[in-house]
Amino acid sequence: MARPDPVDGRVPYTPTSVTRIPSIVSTPMAYPFHDIEPKWQQYWEEHQTFRTPDEVPDEDAEKCYVLDMFPYPSGSGLHVGHPEGYTATDIVARYKRMQGAHVLHPMGWDAFGLPAEQYALKTNTHPRETTKTNIAQFKRQLKRLGFSYDWEREINTTDPDYYRWTQWIFLQLYKKGLAYQSEEPVWWCEELGTVLADEEVIDGKSERGGYPCERVATRQWVLKITDYADRLLEGLDDLDWPQSTKQMQRNWIGRSEGANVYFDLVDVDDSLEVYTTRPDTLFGATYMVLAPEHDLVDAITTDEQRAAVETYRQEALQKSDVERQQEGKTGVFTGGYAVNPVNGEEIPVWVADYVLASYGTGAIMAVPAHDERDYAFAQTYDLPIREVVEGGDIAQAAYVDDGPHVHSANEDISLNGLHTDAAKEKITEWLEQEGEGEHEVNYQLRDWLFSRQRYWGEPFPIVFTEDGEDKPVPEDELPVTLPDIETFEPSGSPEGPLSNIEDWVQTTDPETGAPARRETNTMPQWAGSCWYYLRFIDPGNDELPVDPEKENYWMPVDLYVGGSEHAVLHLLYARFWHKVLYDAGVVSTQEPFQTLVHQGMILGEKEYTTYETEDGERVSAEHVDDGVDTRTGDAVTAVEVDEEDVEKAGDAFVLAEQPEVQVEARSHKMSKSRGNVINPDDVVDAYGADTLRLYEMFMGPLEQDKPWSTDDVEGVHRFLNRVWRLVIDDESDTLRVTDDAPDREQLRVLHETIQQVTEDIEQLDFNTAIAAMMEFVNAANKWEALPRAVAEPFVLLLSPFAPHIAEELWSRLGHDASLAHADWPEYDETLLQREVVEMAVQVDGTVRATIEIEADADEDEVLAAAKAEDNVARHLEGKDIQREIYVPGQIVNFVTG
RNA sequence: GCGAAAGUGGCGGAAUUGGUAGACGCGCGAGACUUAGGAUCUCGUGGGGGUCCUCCCCCGUGGGGGUUCGAGUCCCCCCUUUCGCACCA
């Protein structure tokens, strides 16, 4: 029964109560969001309120390109996670528009991909149909949230007018020699009927679906992203991106600096090249290791050792990468020896699978004294360990840190006494002089496997002549469109479904007219998303992917918001293409996305979980790990309990009736199997789009993961009701603002709100901006009357967050046009000043009183007033004041002896 | 194991050139209006204590030390959680 949940590996969840779904019946006193939201959405559409002109603006105004990561339109529709990032960017876009900037804020669809194809396999529905239906659903859902997209610029990666240019960019890569074919050992997944890229396979199983995969060699297209490794690395420095994302990209690129060193082989007329980042430890090399796949294994292996080496090699090739890592280090001696160029010493050559064929030269010099892996191996096989860097105890462990070098000299050169950096430099120089090696840079980044054996992707603009030569389809013949297809059965081989469409596959050589065959692989889903931000700038262009003048105006993207799951792949691939396009003169910037923000994940409502054994006995959560009682090893079942049956005891939650039983209190990722998914449509039905937008921004910091709370949604909804009633009289449905001049206090409250909201939007601190508006409403509710001159700026402040209610109030306040292009309110410093300020008075650092004092009082007056406070005087009695600390407007501290 | 981020009331979270901890919201309590309240409004709400209870005291931002007149904020050590990487020579 207790099988781990496929989503998060936890014990199955037994719901004892259903997640509360917002009541569909709205409360009678609620403001009429059901009427005003569709009304304003229609208004914006009819008036093309958010249309960004096709032509580059003449006047000299700030431009702002605000971009969301466009969604894959899945069949399950919009998730509450989507509106989080989309609302954040929408607030910025609307704010910038009101500040007079030219704003580009588009939306589109990343619509190629595996799910539609798998659905086609099951139902025989053409992926084009599925995609069309899903896009319609997504678009309807997005439109009812009131985002200010310029829908005239909508793009769809599966549209031939779009992928024509994806193919065109591929041809630029091809012509620059950055796209090549290669027999690659790739992951073939029988179940999915396709090969997958390394990054799409986790622990030997497909990332999507978790199906087993195996390694097979097939002809693939590969993009030479490694040529751009250094530029991709250096470009990160100037980007305003999360540090963690930059770090992940740096790690992924994995640049290291070291040296290649040549070791002559004994009795074999060849030499062995190794890569090392520690050439300074060369004198400490006591053996060599080849990867099992290394070319020289056969030549080096002696006859006596051949059988053992062959056996080991066969075993290693069967193992997956994970299996190779699981056990301790294993290896076998080849019987051969290599000569250390630095001292002429003959050292044994081993084969071991802890050395990877795919990195460096696939061979290493082992320095067990100063490398943990080599140390472990040397201990297992009783190989010598020779110290060449002082500082550790090599009888105990490898010493990998810096220290003075020892035992590192020959007739020519000595590293003795040098530290690592200097020693590296000196030995590398010497190796280069002697022709025994050279400085070398290596990367963990691999070239990008760019072809997939699928139907629903961009066809490659490549044909093969009868003698197998590949030729590009001329640019003016693009796009190469996908053929229609009757059945979606996999071809059963690593070749994709297109290979079965003979009519389509058969074509002619564009140069000679001779018979030729089309490439039947298609591009991976990443392709379309690598450049879509450029197409939004000029979506209708049929001459070029993007017009250079427009590109020059709008690029780079000023704010890019999307999930951190794209921290490496999408964002690295897009940067790579961008740099290629830069070199091709297509774009004018080195980097596509200047500022990047990842929105956090929205989790389900907090759940209280207890565990019980088969006999129904409660097990305290502290004893449960992975669905098992850690004391007995018995499986336990998770049972949800109501919040009311739980109380806090110390740091933990416990059952109220059984305080010895700890309860697990946490929020889980939303998932169908857990039954905690919130559908945005339900929330909009019950509370309106403005409430959903505002709530998602009020939950907490944008970048943080946050649990959903329907109670909190209601709180935000109440706030919007209060805003409505602040401006509109409920009984008469008329305005309740006056044309009286606001008083000083009202202006101060307003201007404080303007300042806070403006600064918070700039910082993307939307939660505190909303808190500031709540404070405004709380204050304004206490006023006798609301002056129009205060109400109107407030409505403008609210409008980026809750645009529908703001438009309606703006209109009722007597404005004919939308507020979307109204001027953003500015605050007046002089109005922020308070006449009377409150200051804390401390005695020896503890607050003993607060005093209210004129803002312009001088220090002496403040100190006198402070000392006059009864409680302060009492604490000062009988003591000498040693120091008087005075921080204007904030604090007074009397320090006694 | 390595790297990064984060630990603040019953809950989500505010506040870091060091200056009144707990803004704002939820929840909870009391009251008003009301036939009713799961609507709305008002007030209260970190914990503990006190014979001046519209006042005062003590404790309090994961734990322990330190710097400072003053530390959620700065420094050192430790614990926990989340995410990423994980034989890359």
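In this text, residue positions in the first sequence follow my numbering: the first is 1, and each later residue adds one. Cβ atoms here follow ideal geometry from the backbone N, Cα and C, with glycine treated the same way. Predicted model only: the values in this text are computed from it and were never measured.
- Non-local beta-carbon contacts of Arg231 in its own chain, meaning distances under 7 Å to residues more than five positions away in sequence, involve Lys579 in chain order.
- Cβ contact annotation for Pro341 (same chain, cutoff 6 Å, sequence separation greater than five): Glu436, in chain order.
- Each of Ala409, Val441, Pro212, Gln444 was checked against the Cα of Ile427, and the nearest Cα belongs to Ala409.
- Contact between the segment 308-317 and the segment 381-399 is not established, with fewer than three Cβ pairs separated by less than 8 Å.
- One thing to note: Glu37 has its Cβ within 9 Å of the Cβ of Gly146.
- Beyond the five residues adjoining it in sequence on each side, Asp538 comes within less than 6 Å, by CB distance, of Val546, Asp547, Lys550 in the same chain, given in chain order.
- Counting of Cβ neighbours within 10 angstroms places Leu544 among the exposed residues, the total staying below 16.
- Here Leu720 is near Gly688, since their CB atoms are less than 9 Å apart.
- Sequence-distant partners of Val557 (beyond 5 residues in either direction) whose C-beta falls short of 7 Å from its own C-beta, in its chain, are Tyr65, Leu67, Tyr533, Pro592, Phe593, Gln594.
- With a cutoff of 9 Å on beta-carbon distance, Leu750 and Gln249 are scored as not near each other.
- The three-state reading of DSSP puts Lys319 in coil, since its state is none of H, G, I, E or B.
- In this chain, Ile805 is not harboured by any beta strand (DSSP E); it is covered by the alpha helix (DSSP H) spanning 803-812.
- Non-local beta-carbon contacts of Thr302 in its own chain, meaning distances under 8 Å to residues more than five positions away in sequence, involve Thr334, Gly335, Gly336 in chain order.
- In the displayed model, Trp526 falls within a helix according to three-state DSSP.
- Where Ala366 is concerned, the enclosing beta strand (DSSP E) starts and stops at 363-366.
- For Pro515, there is no enclosing alpha helix (DSSP H); the enclosing beta strand (DSSP E) has its first and last residue at 515-518.
- For Ser256, the closest alpha carbon among the candidates Val795, Tyr359, Ala791 is that of Tyr359.
- The Cβ neighbour count for Arg883, taken over all protein chains shown within 10 Å, is under 16; the residue is labelled exposed.
- The count of Cβ pairs closer than 8 Å, one atom from the segment 663-675 and one from the segment 593-609, reaches three, so the stretches are in contact.
- In this structure, the CA atom of Asp267 is about 13 Å from the CA atom of Asp298.
- Residue pairing of Thr896 in beta bridges, as defined by DSSP: Ile881.
- Under the DSSP assignment, Glu184 falls in the beta strand (DSSP E) whose first and last residues are 179-189.
- Thr281 is a Cβ neighbour of Val388, given a cutoff of 9 Å.
- Classified as exposed, Asn124 has fewer than 16 neighbouring CB atoms from the shown chains inside 10 Å of its CB.
- For Glu84, same chain residues with a beta-carbon under 7 Å away, outside a window of 5 residues either side, are Gln599, Ile602, Glu696 in chain order.
- Within the segment 618-698, the complete alpha helix (DSSP H) segments of 4 residues or longer fall at 680-687, 689-698, listed in chain order.
- Contact annotation: the segment 226-240 does not touch the segment 480-487, with fewer than three C-beta pairs closer than 8 Å.
- Proximity to Trp241 across Asp690, Val568, Arg725, Asn893 peaks at Val568, based on C-alpha coordinates.
- For Arg219, the enclosing beta strand (DSSP E) begins and ends at 214-223.
- For secondary structure counted as the alpha helix (DSSP H) over 4 or more consecutive residues, the segment 410-482 holds these complete runs in sequence order: 420-434.
- The residue among Ala369, Gln433, Glu808, Val654 with its C-alpha nearest the C-alpha of Gln41 is Glu808.
- As DSSP reads the structure, Ala259 sits in a beta bridge with Thr276, His439.
- The closest CA to that of Asp470, considering only Pro659, Val441, Gly254, Lys175, is found on Lys175.
- Listed as beta-bridge partners of Asn156 by DSSP are Trp109.
- By the 16-neighbour rule on beta-carbons within 10 angstroms, Ser732 is exposed.
- Annotation: the continuous beta strand (DSSP E) that includes Leu104 extends over 102-104.
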